[in-house]
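Undergrad: Numbering (the working numbering), first residue to last: 28 to 181.
Cβ coordinates follow ideal geometry from the N, Cα and C atoms, glycine included.
(1) Given a cut-off of 8 Å, decide if residue 77 and residue 117 are closer than it, judged by their beta-carbon atoms.
(2) Rounded to whole angstroms, how far is the Cβ of residue 184 from the Cβ of residue 86, which I believe are closer than 8 Å?
(3) Quick one: Cα of residue 65 to Cα of residue 31, how far?
(4) In the DSSP assignment, find the unbroken alpha helix (DSSP H) run with residue 177 in it and report its ends.
(5) How long is the line joining the alpha carbons of residue 40 and residue 49, rounded to whole angstroms?
(6) State yes or no: is the C-beta of residue 106 within less than 8 Å of the C-beta of residue 81?
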């Protein structure tokens, strides 16, 4: 069973700046606390590959996911998904839109296999608890991302 969560934040920064930042998974370490590192095979584009090393728990401090960019519309949307041979499924969707106030709305959605939580903890948790924790984390991530992007404006 997969867990799906979505959050949106309005950021006072240029749409292109925000898109370029969130499309490059190598930047995720600065706004997603569990990311140890990410390397990309090329600049963000369709079929770009990324290797993400994340901290799931003391039990699994270096979980590695291999992701492929399956959709790329410059300054609009980028979607990364685990490669087919992955043990656990994960899909990350990042969309940007101009708002009426000349700001940018970023919508970040993630879908993941709840079995990865069992892998990290060594025991399963009910979906409702996983979803609650993931939504809480996502809200914190978007707040951090907003702060980073608004403070980097020139």
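TA: The short version:
(1) In this structure, residue 117 sits away from residue 77, with a CB-CB distance that is not shorter than 8 Å.
(2) With the chain represented from 28 up to 181, any question about residue 184 goes unanswered, as that position is not in the structure.
(3) Residue 65 and residue 31: Cα-Cα distance of roughly 22 Å.
(4) 154-178 is the span of the alpha helix (DSSP H), which, as asked, contains residue 177.
(5) If you take the alpha carbons of residue 40 and residue 49, they lie about 13 Å apart.
(6) No, the Cβ-Cβ distance between residue 106 and residue 81 is not below 8 Å.
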